[in-house]
Amino acid sequence: MESLTDAAILIGRSGVVKDVVHCLRDEGRAGALILGGAGSGKTVVVKAVLAELHGQGSIIRLTATQALASVQFGALAPYLAGLPDHDLDSSSAVLAAVTAALRAEPALALFVIDDAQYLDRGTTRLLAQAVATGAARLLAACRPGTQVPEEFLALWGDGVVAKFDLVPLSRAEVHQLCEQVLHADVSPWVSELFASATEGNPYMLLSLIEHSRATGALAKRRGTWFLLAPPDLGDVPAADLLDHHLRSMSDEEKTAAAIVALAGPLSLGQILRFSSPRAVDALEGAGIITVSREPDRIVRPASPLIGEIIRRRVPAGRSAGLRASLLALPWAGKVLPDAVLNQLRWALDSGAEPPAGDLLEGAIAANAGLDTATARRAAEAIGPGPLRPEARLQLAYSDYILGRRSDAADGLRAAQPLRYGRASYLAALLAGRLKDLAAGLDVPLAASGTDAQPPGQGPDKPGGPDAAGRDATGPDAASGDPAGRSAWLSPGVGLASALALEDWDGRTAELAERLQALLAEADNNPDIRIPAASRLAEAWMAEGRVLAALGLGREAWHAARTDGLALPLSYEDVLARHCLALARAGEWEELASVLDDYASGMPTRLLYSGGLLHLMRGYSRLRQGRVPESLAELLLAVEELLIADPWQVLAFGRALAAYAAATAGQLDEAAEQAQAFRSADYRAPETLRLLAEAYCTAAEQGAGGDAGAARRELARLADEAQRQGLRTVETDIRRLAVRAGDTGAAEQLAASSAALEGPEARLLHTYALSVAAGDSPGLMALSDQAMNAGHLLLALEAAQQAARLLKDDPEKWKLTAVQRKVHHRMVAAGMSGQLDIVHGENHAELTARESEILDLVAGGATNAEIAARLTLSQRTVEGHLYRIFGKLGVSRRGELLNIRNNNHQPP
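So the sequence shown is numbered by this note's numbering: it starts at 21 and just counts up by one.
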């Protein structure tokens, strides 16, 4: 791997280099100021500018250091060697000497200074005067804010020099830098998490990449770099740079930096209770902290990486002393939600013994945030007592999130017995995820007399670092009861627990009824109500109530985002159901927005949820017909889910990946993913198990499997979905069957799609009728309608079905026109123009109706006579004949007679 290379740091800076060179060479400006914090790439930009200006004028480098900052004209010392000692303190003598030196240069000199914030005052004034009078030019790199010399700012204000600010790298630039340094594709969640940890600081980012690779947290799988574990932020090599800055600070500044890292984020008002505005300004100017511009002026470390480095550098004794000093001050305001776990960690680091209730709330909040390390630490600190079973329950949850299912099941049993309420509900949810591993678990489904007062119940206490967790979770957080005592002792808790423990496979309608009853009972408990509403929306979507499901799912997602969900894994449950609903309703832009907002707003969760997000994107693109993009996303999803899969969606991802690979012609990949699906236990999403099996079956057919067997299996799966009342799932499977060449399923597709809500369902119904009737003009008209409505996949299916029907049409121009339209649409969608979404019917088995029509044709009946005999329209009879021609590989009616007379029907 490359070290911290100049080329990598210049990512996102090349535009600045170009502008600075243009400013100095073409605009004739007298200079340029390059401003940026530590590690932002100022020095590398200066080097790149000088390389571009090579041979154009004289370069005079001045060294500015903290040691020389207090020495008058210290930076100019190498150029004053001939000046008598008694003149070194004389401004006029120094000015004369420098002026003489400048005149001796063959061309206009360019002063180059790195770390210009350390220039002594005399040198600064002299340089400013030389630049202002045109005697020299200036290229200075400097820290921003108050550290920029006033004289240089005056030059900029007068338009003599230009100023360029080095802003943090964007997410896209971070990703580009990661791939350049690692010389391979990088999972987008790696760059998203690294961008969040470093706030786009190039030096910090490169240091984090180097450290993560060296420790094995970052590893390459199938040609792409993934995160296998959370990187240890406190030990990155960039810590040396930060140590250097901290050593140069005053004691007050060091104390303020430590408290922000240990207890933050804090409001500016809280910070100013133990630090001066000057110290805060100095830390902000040095890039150690940031102060928001919102009314509360929130102060936090400039990046999580900087915060963790500072936290690790505070000795245990000093940390305990700082905490004691802070606790001695009257606390103003509440603990900010982001600070709750930080302050809990600080308490444990200091050897304090937080109340068991605070530790339990911290463990739950950490698991809900997918921070298993903090969850385990808090739970393990809870000693014997009434909250110990709930602590064991949180340890079981952290094991489950980490993929240790057997350990989670053991921990869940060790937590018994649990009181009725939040603990019993959490146990039921985990048991439901563990399924057979937690069989026979005794979970109370009704309150008893001993449950009336939850353990640890006590009055509210004021906020502050000794009450971490209370203000962030609600008035009853001290009791381990964030939704309120009555909410967790209501009958709704038992109903929700029972629902979590039961197997609802094949009982979607009954599940929907029970969920509606639960919603009526749990109105005042968002941790039960929101997931229940989301799950009901999922059931409605599977049943075909698309619009109602979409509305309820949006409500649940909005509530999850605004009210929050305090229980582990629940937030992503709601996210996944909402995304699946949006994908199935064709709400592509809304789905992309939801996923993008989650990824940018919750990057620390992506180590565990990144595979889920790739899966949702891949499924969306598959349903859009963007098969190559879908395959790329789904293969990333599979690899991410092999690393972490708390929501148990890997099998579904493999089925989708197998189908996308088969459709894209990557048959080996399709076979590999299909085999892996067949050997795995399917767990989630529950309502899509039949659809996952259908996708895998279609993939196996596409990869060279038995077409007849695949069609029979797809028909069986569709019939089973119909039996269970899953009309949306049934429609998807029958559509797969028609796409795979079984046009005999078109009539059943028309019937199932007619039972669905939504505009795409209406288009799909028309499509199915046109396929059943062999109506190529109708299919082309439908293709245009679907394309205009944004349903690319359906547009392609209809067009390719029309091309199939026109294959033997004597007027070949019709086929050519359709094929050209199909090609253009597929290329516009980023797909190969030769990609077959729809497959032909050669050698497929005849349906009972088709066999009946073949017998009548063999008997000499005309189309009109067959239509009258079977009570069908003549167009429907023609459609059946088209399909019979395709299946038997013939093109003329007379060939059908020969086949029937020879009693030969291809298998």
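The beta carbon of each residue, even a glycine, is placed where N, CA and C say it ideally should be.
Anticipated Cβ contact below 8 Å, residue 440 with residue 513, distance rounded: Taking the first residue of the sequence shown as 1, we reach residue 440 at position 420. Taking the first residue of the sequence shown as 1, we reach residue 513 at position 493. With a Cβ gap of about 7 Å, residue 440 and residue 513 count as contacting.
Helix, strand or coil at residue 608 [DSSP, three-state]: The residue given as residue 608 occupies position 588 in the sequence shown. In the structure shown, residue 608 sits in a helix (DSSP, three-state: H, G or I).
Where the alpha helix (DSSP H) through residue 93 begins and ends: Position 73 of the sequence shown, counting from 1, holds the residue named residue 93. It is not in any alpha helix (DSSP H) - residue 93 carries neither H nor E in the DSSP assignment.
Residue nearest to residue 139 in terms of C-alpha spacing, selected from 115, 92, 119 and 117: Here residue 139 is taken as the residue at index 119 of the sequence shown, counted from 1. In terms of Cα proximity to residue 139, the closest of 115, 92, 119 and 117 is 92.
Nearest to residue 271 (by Cα), restricted to the options 295, 254 and 258: By 1-based counting over the sequence shown, the position of residue 271 is 251. Of the candidates 295, 254 and 258, the one whose C-alpha sits nearest the C-alpha of residue 271 is 295.
Where the beta strand (DSSP E) containing residue 183 begins and where it ends: Mapped onto the sequence shown, residue 183 falls at position 163. Where residue 183 is concerned, the enclosing beta strand (DSSP E) stretches over 182–185.
C-beta contact flag for residue 639 and residue 603 at 8 Å: Mapped onto the sequence shown, residue 639 falls at position 619. Mapped onto the sequence shown, residue 603 falls at position 583. For the 8 Å CB-CB criterion, residue 639 and residue 603 form a contact.
CA-to-CA distance, residue 429 to residue 457, given in whole angstroms: As a working note, residue 457 is residue 437 in the sequence shown. As a working note, residue 429 is residue 409 in the sequence shown. Approximately 6 Å, taken between the alpha carbons.
Start and end residues, alpha helix (DSSP H) containing residue 426: Sequence index remark: in the sequence shown, residue 426 carries index 406 (1-based). Taken as a continuous stretch (DSSP letters only), the alpha helix (DSSP H) holding residue 426 covers 425–434.
Pair within 8 Å by beta-carbon distance, residue 650 and residue 598: Your numbering for residue 650 matches position 630 in the sequence shown. Your numbering for residue 598 matches position 578 in the sequence shown. Residue 650 places its beta carbon 8 Å or farther from that of residue 598.
Sequence-distant residues of the same chain with beta carbon closer than 6 Å to residue 409, five excluded per side: Locating residue 409 in the sequence shown gives position 389, where the first residue counts as 1. Taken in chain order, the residues that qualify are 435 and 438.
Unbroken beta strand (DSSP E) run spanning residue 310, endpoints: Residue mapping note: residue 310 aligns to position 290 of the sequence shown, counting from 1. In this chain, the beta strand (DSSP E) harbouring residue 310 covers 309–311.
Inter-residue spacing [alpha-carbon to alpha-carbon] between residue 117 and residue 100: As a working mapping, residue 117 is identified with position 97 in the sequence shown. As a working mapping, residue 100 is identified with position 80 in the sequence shown. Distance between the alpha carbons of residue 117 and residue 100: 7 Å.
Sequence ranges, beta strand (DSSP E) only - wholly within the segment 145–221, length at least 3: Segments of the beta strand (DSSP E) lying fully in the segment 145–221: 156–162 and 182–185.
Residue(s) in a DSSP beta bridge with residue 455: As a working note, residue 455 is residue 435 in the sequence shown. None, per the DSSP bridge assignment.
Coil, strand or helix - residue 704 by DSSP: Numbered from its first residue, the sequence shown carries residue 704 at position 684. It is coil, neither helix nor strand.
Local Cβ density within 10 Å of residue 803, reported as buried at 16 or more and exposed below that: For the purposes of this step, residue 803 is taken as residue 783 along the sequence shown, with counting starting at 1. Flag for residue 803 reads buried.
Close beta carbons around residue 152, own chain, < 7 Å, minus the five adjacent residues each side: Locating residue 152 in the sequence shown gives position 132, counting from the first residue. Shown here for residue 152: same chain residues with a beta carbon closer than 7 Å to its own, the five before and five after excluded, namely 175 and 180 in chain order.
Of the residues 670, 738, 737 and 310, the one placed nearest residue 281, counting alpha carbons only: Position 261 of the sequence shown holds residue 281. For residue 281, the closest alpha carbon among the candidates 670, 738, 737 and 310 is that of 310.
Nearest to residue 551 (by Cα), restricted to the options 566, 530, 885 and 579: One-based indexing of the sequence shown puts residue 551 at position 531. Considering only alpha carbons, the answer is 579.
Rounded straight-line distance, which links the Cα of residue 35 to that of residue 221: The count along the sequence shown starts at 1 and reaches residue 221 at position 201. The count along the sequence shown starts at 1 and reaches residue 35 at position 15. Cα to Cα, the separation comes out at about 17 Å.
Extent of the continuous alpha helix (DSSP H) run through residue 67: Here residue 67 is taken as the residue at index 47 of the sequence shown, counted from 1. Counting along the chain, residue 67 sits inside the alpha helix (DSSP H) bounded by residues 62–72.
Sequence-distant residues of its chain with Cβ nearer than 8 Å to residue 451 (five each side left out): One-based indexing of the sequence shown puts residue 451 at position 431. Closer than 8 Å at Cβ, skipping near neighbours: 432, 458, 461, 463, 520 and 521.
Residue from 149, 190 and 94 with nearest C-alpha to residue 620: Taking the sequence shown and counting its residues from 1, one reaches residue 620 at position 600. Comparing Cα-Cα distances from residue 620 to each of 149, 190 and 94, the minimum goes to 190.
Residue 274 burial status per 10 Å Cβ neighbour count (16 or more: buried): The sequence position of residue 274 within the sequence shown is 254, counting from 1. By the neighbour-count rule (16 or more Cβ atoms within 10 Å), residue 274 is buried.
Beta-carbon spacing of residue 722, residue 763 below 8 Å: Mapped onto the sequence shown, residue 722 falls at position 702. Mapped onto the sequence shown, residue 763 falls at position 743. In this structure, residue 763 does not lie closer than 8 Å to residue 722 by Cβ.
Buried versus exposed call for residue 211 [16 or more other C-beta atoms within 10 Å across all chains shown]: In the sequence shown, counting from the first residue as 1, residue 211 sits at position 191. By the neighbour-count rule (16 or more Cβ atoms within 10 Å), residue 211 is buried.
Which listed residue (903, 905 and 913) has its alpha carbon closest to that of residue 881: For this step, residue 881 is matched to residue 861 along the sequence shown. In this structure, 913 is the residue among 903, 905 and 913 with its C-alpha nearest to the C-alpha of residue 881.
Every unbroken alpha helix (DSSP H) within the segment 307–375, with a cutoff of 4 residues, ordered by chain: Positions of the alpha helix (DSSP H) runs, each at least 4 residues long and wholly inside the segment 307–375, are given as 324–333, 336–348 and 360–369 in order along the chain.
Whole alpha helix (DSSP H) elements within the segment 376–405, 4-residue minimum: Complete alpha helix (DSSP H) runs here, min 4: 376–388 and 392–400.
Of the residues 76, 527 and 818, the one placed nearest residue 742, counting alpha carbons only: One-based indexing of the sequence shown puts residue 742 at position 722. When 76, 527 and 818 are compared, the shortest CA-CA separation from residue 742 is found for 527.
Limits of the unbroken beta strand (DSSP E) element including residue 78: On the sequence shown, residue 78 is found 58 positions in, with the first residue counted as 1. Unbroken beta strand (DSSP E) run through residue 78: 78–83.
Inter-residue Cα distance where the pair is residue 58 and residue 163: Within the sequence shown, residue 58 is the residue found at index 38, counting from 1. Within the sequence shown, residue 163 is the residue found at index 143, counting from 1. When rounded, the distance between both Cα atoms is 7 Å.
Length of the line joining the Cα atoms of residue 766 and residue 725: Reading the sequence shown from its first residue, position 746 is the one you call residue 766. Reading the sequence shown from its first residue, position 705 is the one you call residue 725. C-alpha of residue 766 to C-alpha of residue 725: approximately 22 Å in a straight line.
Given 8 Å, three or more beta-carbon pairs between the segment 284–299 and the segment 354–363: Result yes; three or more Cβ-Cβ pairs closer than 8 Å.
Residue 383 and residue 411 closer than 8 Å at C-beta: By one-based count along the sequence shown, residue 383 stands at place 363. By one-based count along the sequence shown, residue 411 stands at place 391. Judged by their CB atoms, residue 383 and residue 411 are nearer to each other than the 8 Å cut-off.
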